[in-house]
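Q: Pasting in a structure now, in structure tokens, and then I'll have a few things to ask.
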Amino acid sequence: MTIALDHAPSVFAFSANEFPEINGREEEWRFTPIKRSAGLVSGEAKIAGDIQVSAAELGGAKFEIVAKSDQRKGFTDRVAAFGFEHTTQVASLTIPNNVEIAEPIQLDLRADGKTVAGQIDINIGHQARATVIMNYSGSGAFAGNVDINVGAGANLVVVSYQDWANDAVQLSHHRISLAKDASVKHVVVTLGGNLVRILPSVNYQASGGAAELIGLYFAAAGQHAEHRLFVDHSVDNCRSNVVYKGAVDGQGAHTVWIGDVLIRANAIGTDTYEINRNLILSDGGRADSVPNLEIETGEIIGAGHASTTGRFDDEQLFYLMSRGISEDEARKLVMRGFFEDLLTLINVPSINERVRAAIEDRIAGV
Amino acid sequence: MSVLEIKNLQVQVSTDEGPKDILRGVDLIVRAGETHALMGPNGSGKSTLAYAISGHPKYNIVGGSVTLDGQDVLEMSVDERARAGLFLAMQYPVEVPGVSVSNFLRTAITAVRGEAPNLRHWIKELKESMAALQIDPTFAERSVNEGFSGGERKRTEILQMELIKPKIAVLDETDSGLDVDALRVVSEGINRVQASGETGILLITHFTRILNYVKPDFVHVFHAGRIVREGGPELAVDIEENGYAQFVTA
Chain A
1 MTIALDHAPS VFAFSANEFP EINGREEEWR FTPIKRSAGL VSGEAKIAGD
51 IQVSAAELGG AKFEIVAKSD QRKGFTDRVA AFGFEHTTQV ASLTIPNNVE
101 IAEPIQLDLR ADGKTVAGQI DINIGHQARA TVIMNYSGSG AFAGNVDINV
151 GAGANLVVVS YQDWANDAVQ LSHHRISLAK DASVKHVVVT LGGNLVRILP
201 SVNYQASGGA AELIGLYFAA AGQHAEHRLF VDHSVDNCRS NVVYKGAVDG
251 QGAHTVWIGD VLIRANAIGT DTYEINRNLI LSDGGRADSV PNLEIETGEI
301 IGAGHASTTG RFDDEQLFYL MSRGISEDEA RKLVMRGFFE DLLTLINVPS
351 INERVRAAIE DRIAGV
Chain B
1001 MSVLEIKNLQ VQVSTDEGPK DILRGVDLIV RAGETHALMG PNGSGKSTLA
1051 YAISGHPKYN IVGGSVTLDG QDVLEMSVDE RARAGLFLAM QYPVEVPGVS
1101 VSNFLRTAIT AVRGEAPNLR HWIKELKESM AALQIDPTFA ERSVNEGFSG
1151 GERKRTEILQ MELIKPKIAV LDETDSGLDV DALRVVSEGI NRVQASGETG
1201 ILLITHFTRI LNYVKPDFVH VFHAGRIVRE GGPELAVDIE ENGYAQFVTA
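Order-wise, the sequence lines are chains A and B.
Its first residue numbered 1, the first sequence is counted upward by one per residue in the numbering used here.
Its first residue numbered 1001, the second sequence is counted upward by one per residue in the numbering used here.
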């Protein structure tokens, strides 16, 4: 089996033309409703400008809009390259070395009904600590990327909250790079949007890196929420832990989770686990879940994956109802419970509060 | 005083080869304050009786009746049966990830009592009941049954019974998989409920071991989907000494 290796990128580029055109039959596009992408996949979209990014609660961090330069790795996805190509300026957030910022830094991102591109850079210096919340809201279509560079020994929590209006489109690559002993908790919450496709990837520059990738998604009727992860264990003694959970409810609700984890031959001492769970709440919804784990060395601490997709567990409902709890209330308990352990992992109070409220809203409509 | 009346109950399950008869006419009356031991070999249909009384959707009632204080139990949904006063302590209690024991119990108590319990009283009541069953207080915040040992699950079932105070409790092999200490703790819980005189207990078991701790008023021997012998506690002694074969061949 060389599935993950097949998924390992071979093209690195800054413009869409470097990649073949997308027809929708490619492995990495086969689940995506590319016709709903506002021309971002075909490349026919007219980009009106950059996504509007505003920052608040900066603490000791610096936020600025800077000139675009190619001093970064080329992109591995055609639409990601398209987004970069059409970006004019970069929204850059820098957390200096050794700085600890307790309060979450807020980045507010808006397309304002337009078709926009954009590049967001988050650089956290060595031994620094911070939490960054990116919040996407409103209407529009966005092709753009987030480059996250975590310095040696630094600790970053970064949350990407897709709270888009229901007609919005987003196609983004989140590229995480970890220096020696750096750790990141990357959280994706996708609740809004018509089509959201996010590709979080992790690269380890030196040993001791740790990545926790957490995702929570809930697709209602007509929504497509796709998350494709690629964790590239290319150096020794690094860790990764992936936990994604989602629900689908309603006609045409579709979620996709792809978890590619590659442990290269020299990545001895790797410890990795990935899990994806999906709850199907009604007929007409669909959840695809594909874990891919490729291991090229046996000298690892651990590697595993799990994936489950199903409806309500009848035995759970029977158990709860046998204690007098109505079927409706039992379903709500199970649904809340399904996401609750994810909130324990996310553990960012303002985000947990928002997610709980959003889930309550969704539960009320089920 | 409450009474559960089971008359000529016949139950089938669906299999790949078509419907299969499991219960072939069960007659049993359990009154509040009484303790009945229902004993029988594996595969005799004991657990089916427990699930059928509780309304598990897997079991099809094809004949007979079950009433609680004259009310038709078989017409009720699973949750209605529980609110009417029936309780089933399960042989294999189910994990409910992300739902804490305290949240689960508070929701169940609210449903059964018809109103939310006074918070201060409730916390005290829960603490005391957990302590009596030697359940670690931290279990209140753990997910229901998740990562619990067999003994911990069974103690949590009895905890639920003590808090819910049902009219009739069916205990499905609550003794299975318990070590001696856990068996004693669980039995003491059952005896407290028994001593209240307000709950009728139907204790389903394969072994006589638990009857050293919980004294039954009546013993019923179950075989091939029906009760084949009834008597007092002395019947359990007979089973202990001579096994089930004597009833099977009879």
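The beta carbon of each residue, even a glycine, is placed where N, CA and C say it ideally should be.
1. Using 9 angstroms as the limit for Cβ to Cβ distance, is A/Arg354 near chain B?
2. Taking a cut of 9 angstroms between CB atoms, which residues from the stretch 315–327 of chain A lie near chain B?
3. Helix, strand or coil for B/Thr1067 per DSSP?
4. My assumption, with CB atoms under 8 angstroms, is that B/Ala1131 sits in contact with B/Val1101. Please give the rounded CB distance.
5. Apart from the five residues on each side of it in sequence, which residues of its chain come closer than 7 angstroms, Cβ to Cβ, to B/Pro1166?
6. Would you give the residue range spanned by the beta strand (DSSP E) that A/Val334 belongs to?
7. Less than 7 angstroms between C-beta atoms, sequence neighbours within five positions excluded: which residues of the same chain meet that for B/Lys1007?
8. What's the C-alpha gap between A/Gly153 and A/Leu40?
9. If you compare alpha carbons, which of A/Lys245, A/Ser307, A/Ser42 and A/Glu294 is closest to A/Thr344?
10. In chain B, which residues lie less than 8 angstroms from A/Gly337 when you measure between Cβ atoms?
11. Closest by CA to A/His254, which one among A/Ala211, A/Lys68, A/His227 and A/Leu342?
12. Please report how far the alpha carbon of A/Pro96 lies from the alpha carbon of A/Asp288, in whole angstroms.
13. Beta-carbon within less than 6 angstroms of B/Ser1002's beta-carbon, same chain only, minus the 5 sequence neighbours each way: which residues are those?
14. Taking 9 angstroms as the cut-off, decide whether the C-beta atoms of A/Leu109 and A/Ala61 are in contact.
15. Applying the 10 Å Cβ sphere with the 16-neighbour rule, what's the burial state of A/Asp260?
16. Please list, in chain order, the chain B residues whose beta carbon lies closer than 8 angstroms to that of A/Asp341.
17. To the nearest angstrom, how far is it from the Cα of A/Glu315 to the Cα of B/Pro1057?
18. If you reduce the DSSP assignment to three classes, tell me which class B/Tyr990 lands in.
19. Does A/Thr309 have its Cβ less than 9 angstroms from a Cβ in chain B?
20. Around the Cβ of B/Ala1019, are there at least 16 other Cβ atoms within 10 angstroms (buried) or fewer (exposed)?
21. Determine which residues share a DSSP beta bridge with A/Ser137 and list them.
22. If you draw a straight line from the alpha carbon of A/Glu18 to that of A/Arg197, how long is it in whole angstroms?
23. Ignoring anything shorter than 4 residues, give me the alpha helix (DSSP H) runs that lie fully in the stretch 1167–1200 of chain B, in order along the chain.
24. Whole angstroms is fine: what's the gap from B/Ala1250's alpha carbon to A/Phe312's?
25. For A/Gly252, tell me which candidate among A/Ala219, A/Arg277, A/Gly269 and A/Phe230 has the shortest Cα-Cα distance.
26. Looking only at its chain, what residues have a beta carbon closer than 7 angstroms to the beta carbon of A/Gly74, apart from the 5 residues adjacent to it on each side?
27. So, is A/Glu299 buried or exposed, given that buried needs 16 or more other C-beta atoms within 10 angstroms?
28. Which of helix, strand or coil does DSSP assign to A/Leu58?
29. For A/Gly284, count the other beta carbons within 10 Å of its own beta carbon; 16 or more makes it buried, fewer makes it exposed. Which is it?
30. Run through chain B and tell me which residues come within less than 9 angstroms of A/Val334, C-beta to C-beta.
31. State buried or exposed for A/Ile301, treating a residue as buried only when at least 16 other CB atoms are found within 10 Å of its CB.
32. May I ask which residues mark the beginning and end of the beta strand (DSSP E) holding B/Gln1010?
33. In terms of alpha-carbon separation, which member of A/Arg362, A/Val355, A/Ala364 and A/Ile101 lies closest to A/Asn135?
34. DSSP three-state label for A/Asp271, please.
35. Inspect the CB distances between the stretch 136–148 of chain A and the stretch 206–213 of chain A and report whether three or more fall short of 8 angstroms.
36. Can you tell me which of the three DSSP states A/Ile3 falls into?
A: In this structure, then:
1. no
2. Glu315, Gln316, Leu317, Phe318, Tyr319, Leu320, Met321, Ser322, Arg323, Gly324, Ile325, Ser326 and Glu327
3. strand
4. With a Cβ gap of about 14 angstroms, B/Ala1131 and B/Val1101 do not count as contacting.
5. Gly1085, Leu1086, Phe1087 and Thr1199
6. Premise fails: A/Val334 lies in the alpha helix (DSSP H), Glu327 to Ile346, not in any beta strand (DSSP E).
7. Asp1027, Gly1064 and Ser1065
8. 37 angstroms
9. A/Lys245
10. Val1096, Pro1097, Gly1098, Val1099 and Ser1143
11. A/His227
12. 40 angstroms
13. Ala1032, Asp1069 and Lys1167
14. no
15. buried
16. Pro1097, Gly1098 and Ser1143
17. 10 angstroms
18. One cannot answer for residue 990 of chain B here, as it falls past the ends of chain B, which runs 1001 to 1250.
19. no
20. One point to set straight first is that residue 1019 of chain B is Pro, not Ala, in the sequence displayed. With fewer than 16 other Cβ atoms within 10 Å, it is exposed.
21. A/Arg110 and A/Asp163
22. 21 angstroms
23. 1180–1196
24. Any reading at B/Ala1250 needs caution, since the residue's pLDDT is 49, under 50, leaving its predicted position unreliable; the model's value is listed next. Looking at the two C-alpha atoms, the distance is approximately 45 angstroms.
25. A/Ala219
26. Phe12, Ala13 and Phe14
27. exposed
28. coil
29. exposed
30. Val1096, Pro1097, Gly1098 and Val1099
31. exposed
32. Val1003 to Thr1015
33. A/Val355
34. strand
35. no
36. Residue placement at A/Ile3 is flagged as unreliable, the pLDDT there being 46, under the threshold of 50; the coordinate-derived value follows with that caveat. Note: A/Ile3 maps to helix in three-state DSSP.
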